[in-house]
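>
In this note's numbering, the protein residues as written are 1 to 199.
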């Protein structure tokens, strides 16, 4: 009988010691450890505009596009694309209807209007790596008819290069759409005479 009690007592001591060691390991090495933080690259894109009549039939709109790294890690830019679309007046001969509106999957929201494009750049290659708080600037010129009053300019940047570390997310890209009131819809003929006088 004494042997059974001694066996139970010794095993109980060993079991308590094992449980105590497991609790100590959990409290000191597992519980206090924070999961690894994966920093996601983030950038903000913004527009600034300048508009002027070149002559009585052409208006220049220059878009300054700025990409700012607002995250804690580098942002890589390899592709960019820019377009301008005519918002007002809506182009003659084109009907504005439901087909000009992009709808979401649920059709619960009206979505955004797809304005007819007046100018479109090719997908340009970019090779820029922005450190935190660094800025990359580009300038894009669009020549429009003076009758265009309001435009929407879209600029998109992305990283299309394959990532070296598959666990680290690449910057998927960002896009900005800006509605801009171009100015006086009529370019005066005086602009032509001023331009020739300065030659």
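Backbone N, C-alpha and C define an ideal beta-carbon position, used for all residues, glycine too.
Thinking C-beta only, is residue 152 closer than 8 Å to residue 45?
Counting from one through the chain shown, the residue named residue 45 turns up at place 45. Counting from one through the chain shown, the residue named residue 152 turns up at place 152. Contact flag unset, no.
> How many angstroms separate the CA atom of residue 75 from the CA atom of residue 114?
Position 75 of the chain shown, counted from the start, is the residue given in the question as residue 75. Position 114 of the chain shown, counted from the start, is the residue given in the question as residue 114. Between the alpha carbons of residue 75 and residue 114 lies a distance of about 29 Å.
> Using alpha carbons as the reference points, say which of 78, 118 and 68 lies closest to residue 91.
If you number the chain shown from 1, residue 91 lands on position 91. Residue 118 is the option with its Cα nearest to residue 91.
> Which stretch, first to last residue, makes up the beta strand (DSSP E) that contains residue 57?
Within the chain shown, the letter at position 57 stands for residue 57. Looking at the DSSP string, residue 57 is not in any beta strand (DSSP E), and its letter there is neither H nor E.
> Three-state secondary structure (DSSP) at residue 133?
One-based indexing of the chain shown puts residue 133 at position 133. Secondary structure at residue 133: coil, using DSSP grouped into helix, strand and coil.
> Using a Cβ-Cβ cut-off of 7 Å (strictly less than) and excluding sequence neighbours within five positions of residue 70, which residues of its own chain qualify?
Residue 70 sits at position 70 when you count from the first residue of the chain shown. So the qualifying residues of the chain are 42, 43 and 44.
> With three or more beta-carbon pairs closer than 8 Å as the criterion, would you say the segment 17-24 touches the segment 45-62?
no
> If you measure between the beta carbons of residue 62 and residue 139, is that distance less than 8 Å?
Counting from one through the chain shown, the residue named residue 62 turns up at place 62. Counting from one through the chain shown, the residue named residue 139 turns up at place 139. In this structure, residue 139 lies closer than 8 Å to residue 62 by Cβ.
> Do you know offhand how far residue 157's Cα is from residue 80's?
In the chain shown, the residue the question calls residue 157 occupies position 157. In the chain shown, the residue the question calls residue 80 occupies position 80. Each residue's Cα considered, the two are about 4 Å apart.
> Just curious, the beta strand (DSSP E) that residue 177 is in, first and last residue?
Numbered from 1 along the chain shown, position 177 holds the residue referred to as residue 177. Segment 174-181, the beta strand (DSSP E) holding residue 177.
> If I'm right that residue 131 touches residue 182 with Cβ under 8 Å, what's the distance once you round it to whole angstroms?
In the chain shown, the residue the question calls residue 131 occupies position 131. In the chain shown, the residue the question calls residue 182 occupies position 182. With a Cβ gap of about 36 Å, residue 131 and residue 182 do not count as contacting.
> Determine the contact status of residue 154 and residue 88, defining contact as a CB-CB distance below 8 Å.
Stepping through the chain shown from its first residue, residue 154 is reached at position 154. Stepping through the chain shown from its first residue, residue 88 is reached at position 88. For residue 154 and residue 88, no; Cβs fall outside 8 Å.
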